[in-house]
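**Q**
Residue numbers (our numbering): 787 to 1184.
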C-alpha cells in the first residue's frame, strides 16, 4: 500500500460517517450473496454449527446465533459504557439536556409500535415483532448526518445522540422484559451471584480488564442458559466498570475500554452482524409478500411513526413549556433529524431476529424487507430535509 493510500485509509476511518458507510456496504454485500449463486455459500456459512463443550456442559449453536448472541453482547457492552459515561459526566448529566431528547425518544418508540400494532393486531404470531420499528440505529443515523459536513450544528448531533441513548435504554428494557424464553431459575441465580463480585471490584476500583471479562463471560453463559437474552450481560457488566482510576484519577478505565472497543464494534462487529442478518432473498417476492402486514407495519412504523413520534412529541413538549428548542436547531432541522431516527437497521434487525428467528413464518413474509425499506426512506428524507434546512456555511458548532 502506498503512502497516499495509507493516508486515505486513516482519514476514512477517522470519519464519523465511516461506521455507517461500512454498515451499508455490509448490507449490500449480504444482499448480493443472498441473490446470486453465492447464496449457497452464504447459507452454509451462517448455518455452520459451532459448539463449545466442557464435560457435560455444552453450548451448541449455528454461527448466525453466535453472532447475534455473542458478538452483539460486546456491542451492548459498549452501549452500556457509553450510557454510564453520558449519565455521569456527559450530555445527560445535565437534566436540562435530557428533557427534549427523552420526550422525543418516548414518542419515537410509542408511535412506531402503535402503527405496527394497528396493522397486525389480531395476529398473535406477527405481534411478536411490535418492537422492531421502535429502534434507532445511531451509527447509520450519524453516518447520514455527517455526510452534510460542517453545516451540521453541534446541537443537532447532541440531540440525536442523546435521543439514541434513551432509545437504547428503551430497547434494553424491551429485550429484557418481552424477548425472553423459558426462564431457568438456577442460571439466573448464577447471574445474580456475579453481580456482588462485580460490585466489589467496582468499589475497590479494580482495574484489571481480565477479571471483569472473566466474570462477564461467566455471566454471559449463565444469561444464555437462563432464557433472558444473553446480550444483556454486556450492559450489566458495563455498569460496574470504574469511571476513575484508583491510582491516577485523571485516567478512566471506562473511557479506555470504550475507546478500545469503539473501532472494533463500528468496523467489525456491527458490519458482521449486518452481513449475517440483512441477506434477504428477493427471488419470488411479489406484491403479496411486499404488502404483508408485517413488512408494511415495520416500514411505516420506521418512516412515518418515527417522524410523527419524535417531532410530534418534541413539538408538544416545547409548546406546553416543558422545554425549549435548542439553539442552532430550527423546526425544519428538528423534523429532518426526526426522520433520520427512522433508520432502525441494526437494532431493528436484532429485535427482529429475537421475535421471529425460532419460527417458520419467514416463509410467508420477511420482516427484514420492511426494515430496509423503512430505513432507506427515512435516511433519504432526513438527508434531503436537513440539506435544505441547514445553511451551507462554515461550522456552526459554537
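We treat Cβ as the ideally placed atom computed from N, Cα and C, and that holds for glycine.
Measure the C-alpha to C-alpha separation of residue 1150 and residue 1119 and round it to an integer number of angstroms.
**A** Taking the chain shown and counting its residues from 1, one reaches residue 1150 at position 364. Taking the chain shown and counting its residues from 1, one reaches residue 1119 at position 333. Confidence at residue 1150 is low in this model, with a pLDDT of 49, below 50, so the placement of that residue should be treated as unreliable; the coordinate-derived value is given next. Cα-Cα distance, rounded: 39 Å.
**Q** Looking at the strands, I want to know which residues DSSP matches up with residue 839.
**A** Residue numbering aside, residue 839 sits at position 53 when the chain shown is read from its first letter. DSSP, once it has assigned bridges, lists 844 as partnering residue 839.
**Q** In angstroms with no decimal places, state the Cα-to-Cα distance between residue 1161 and residue 1065.
**A** One-based indexing of the chain shown puts residue 1161 at position 375. One-based indexing of the chain shown puts residue 1065 at position 279. Going from the Cα of residue 1161 to the Cα of residue 1065 covers about 15 Å.
**Q** Buried or exposed: which applies to residue 1093, given that a residue is buried once 16 or more other Cβ atoms fall within 10 Å of its Cβ?
**A** Start at 1 with the first residue of the chain shown, and residue 1093 comes out as number 307. Counting Cβ neighbours within 10 Å, residue 1093 comes out buried, since at least 16 surround it.
**Q** Quick one: grab the DSSP three-state call for residue 1027.
**A** One-based indexing of the chain shown puts residue 1027 at position 241. It is coil, neither helix nor strand.
**Q** Please report the distance separating the alpha-carbon of residue 1168 from that of residue 930.
**A** Working through the chain shown from its first residue, we reach residue 1168 at position 382. Working through the chain shown from its first residue, we reach residue 930 at position 144. Taking the straight line from one Cα to the other gives about 8 Å.
**Q** Give me, in chain order, the residues of the same chain whose beta-carbon lies closer than 8 Å to that of residue 866; leave out the 5 immediate sequence neighbours on both sides.
**A** Taking the chain shown and counting its residues from 1, one reaches residue 866 at position 80. Around residue 866: 1020, 1021, 1022, 1023, 1024 and 1025.
**Q** Taking the continuous alpha helix (DSSP H) assigned at residue 1154, which residues delimit it?
**A** For the purposes of this step, residue 1154 is identified with residue 368 of the chain shown, where counting begins at 1. Boundaries of the alpha helix (DSSP H) harbouring residue 1154: 1153 to 1175, taken from the DSSP string.
**Q** Examine the Cβ distances between the stretch 956 to 968 and the stretch 1012 to 1019 and report whether three or more of them are shorter than 8 Å.
**A** yes
**Q** Using CA atoms only, rank isn't needed, just tell me which of 819, 980, 840 and 981 is closest to residue 830.
**A** Here residue 830 is taken as the residue at index 44 of the chain shown, counted from 1. Closest option to residue 830, Cα to Cα, is 819.
**Q** Taking the alpha carbon of residue 1044 as the reference point, which residue from 1032, 806 and 1027 has its own alpha carbon closest?
**A** Counting from 1 along the chain shown, the entry for residue 1044 is found at position 258. Measuring from the Cα of residue 1044, the nearest candidate turns out to be 1027.
**Q** Alpha carbon to alpha carbon, how far is residue 1091 from residue 1128?
**A** For the purposes of this step, residue 1091 is taken as the residue at position 305 of the chain shown. For the purposes of this step, residue 1128 is taken as the residue at position 342 of the chain shown. Distance between the alpha carbons of residue 1091 and residue 1128 is about 8 Å.
**Q** Check whether the stretch 1081 to 1089 and the stretch 901 to 911 are in contact - that is, three or more C-beta pairs closer than 8 Å.
**A** yes
**Q** Please report the distance separating the alpha-carbon of residue 808 from that of residue 1053.
**A** Indexing the chain shown from 1 puts residue 808 at position 22. Indexing the chain shown from 1 puts residue 1053 at position 267. Each residue's alpha carbon lies about 7 Å from the other.
**Q** Under 8 Å by Cβ, that's how I've got residue 1141 and residue 838 pegged, so tell me the actual separation to the nearest angstrom.
**A** Translated into positions along the chain shown, residue 1141 becomes position 355. Translated into positions along the chain shown, residue 838 becomes position 52. Incorrect: roughly 26 Å between the Cβ atoms, too far for contact.
**Q** Assign residue 978 to buried or exposed, taking buried as 16 or more other Cβ atoms, counted over all protein chains shown, within 10 Å of its Cβ.
**A** In the chain shown, the residue the question calls residue 978 occupies position 192. It counts as exposed.
**Q** Please name the residue, chosen from 975, 992 and 994, that lies closest to residue 1004 on a Cα-to-Cα basis.
**A** Here residue 1004 is taken as the residue at index 218 of the chain shown, counted from 1. It is 975.
**Q** Just to confirm, is the Cβ distance from residue 1051 to residue 949 under 9 Å?
**A** Here residue 1051 refers to the residue found at position 265 of the chain shown. Here residue 949 refers to the residue found at position 163 of the chain shown. No.
**Q** Under DSSP, the alpha helix (DSSP H) around residue 1006 begins and ends at which residues?
**A** For the purposes of this step, residue 1006 is taken as residue 220 along the chain shown, with counting starting at 1. From DSSP, the alpha helix (DSSP H) with residue 1006 extends over 995 to 1012.
**Q** Contact defined as beta carbons within less than 8 Å: I believe residue 883 pairs with residue 1069. What is the distance between those atoms, to the nearest angstrom?
**A** Here the question's residue 883 lines up with position 97 in the chain shown. Here the question's residue 1069 lines up with position 283 in the chain shown. The C-beta distance from residue 883 to residue 1069 rounds to 48 Å, too long to meet the 8 Å contact threshold.
**Q** Within 10 Å of its beta-carbon, does residue 844 have 16 or more other beta-carbons around it, so buried, or fewer, so exposed?
**A** Position 58 of the chain shown holds residue 844. Residue 844 should be labelled exposed.
**Q** On the DSSP letters alone, give me the boundaries of the alpha helix (DSSP H) that residue 1117 sits inside.
**A** Along the chain shown, read from residue 1 onward, the residue named residue 1117 stands at position 331. That run of the alpha helix (DSSP H) goes 1117 to 1126.
**Q** Do you know offhand how far residue 1077's Cα is from residue 1115's?
**A** Mapped onto the chain shown, residue 1077 falls at position 291. Mapped onto the chain shown, residue 1115 falls at position 329. Roughly 37 Å separates the two Cα atoms.
**Q** Excluding the five sequence neighbours on either side, which residues of its own chain have a C-beta within less than 6 Å of the C-beta of residue 958, listed in chain order?
**A** Mapped onto the chain shown, residue 958 falls at position 172. If we look at residue 958 and ignore the five residues flanking it on each side, its Cβ neighbours are 1021.
**Q** Buried or exposed: which applies to residue 1018, given that a residue is buried once 16 or more other Cβ atoms fall within 10 Å of its Cβ?
**A** Your numbering for residue 1018 matches position 232 in the chain shown. Classified as buried, residue 1018 has 16 or more neighbouring CB atoms from the shown chains inside 10 Å of its CB.
**Q** Report the three-state DSSP secondary structure of residue 884 (helix, strand or coil).
**A** Numbered from 1 along the chain shown, position 98 holds the residue referred to as residue 884. In the structure shown, residue 884 sits in coil (DSSP, three-state: anything other than H, G, I, E or B).
**Q** Per DSSP, what kind of secondary structure is residue 1149 in: helix, strand or coil?
**A** As a working mapping, residue 1149 is identified with position 363 in the chain shown. Because the pLDDT at residue 1149 is just 44, under 50, the model does not fix this residue reliably, and the value given afterwards should be weighed accordingly. In the structure shown, residue 1149 falls within a helical segment according to DSSP collapsed to helix, strand and coil.
**Q** How close, in whole Å, do the beta carbons of residue 1157 and residue 1126 come, if the pair is a contact with beta carbons under 8 Å?
**A** Here residue 1157 refers to the residue found at position 371 when the chain shown is read from its first residue. Here residue 1126 refers to the residue found at position 340 when the chain shown is read from its first residue. Actually they are not in contact, since the Cβ atoms of residue 1157 and residue 1126 sit about 15 Å apart, beyond 8 Å.
**Q** Out of 1108, 1038 and 890, which one is the CA nearest neighbour of residue 947?
**A** Sequence index remark: in the chain shown, residue 947 carries index 161 (1-based). Of the candidates 1108, 1038 and 890, the one whose C-alpha sits nearest the C-alpha of residue 947 is 890.
**Q** Where do the ends of the alpha helix (DSSP H) carrying residue 945 lie?
**A** Taking the first residue of the chain shown as position 1, residue 945 is located at position 159. Residues 940 to 964.
**Q** Pull up the CB-CB distance for residue 991 and residue 1038, whole angstroms please, since I reckon it's below 8 Å.
**A** In the chain shown, residue 991 corresponds to position 205, counting from 1. In the chain shown, residue 1038 corresponds to position 252, counting from 1. 11 Å between Cβ atoms; not a contact.
**Q** Taking the alpha-carbon positions, what's the residue 842 to residue 863 distance?
**A** The count along the chain shown starts at 1 and reaches residue 842 at position 56. The count along the chain shown starts at 1 and reaches residue 863 at position 77. Taking the straight line from one Cα to the other gives about 29 Å.
**Q** Within this structure, are the beta carbons of residue 1117 and residue 1111 separated by less than 9 Å?
**A** In the chain shown, residue 1117 corresponds to position 331, counting from 1. In the chain shown, residue 1111 corresponds to position 325, counting from 1. Yes, the Cβ-Cβ distance between residue 1117 and residue 1111 is below 9 Å.
**Q** Look at the alpha carbon of residue 932 and the alpha carbon of residue 873, and state the distance between them as a whole number of angstroms.
**A** Locating residue 932 in the chain shown gives position 146, counting from the first residue. Locating residue 873 in the chain shown gives position 87, counting from the first residue. Approximately 24 Å, taken between the alpha carbons.
**Q** Less than 9 Å between the beta carbons of residue 927 and residue 806, yes or no?
**A** The residue you call residue 927 lines up with position 141 of the chain shown. The residue you call residue 806 lines up with position 20 of the chain shown. Taking 9 Å as the Cβ cut-off, residue 927 and residue 806 qualify as a contacting pair.
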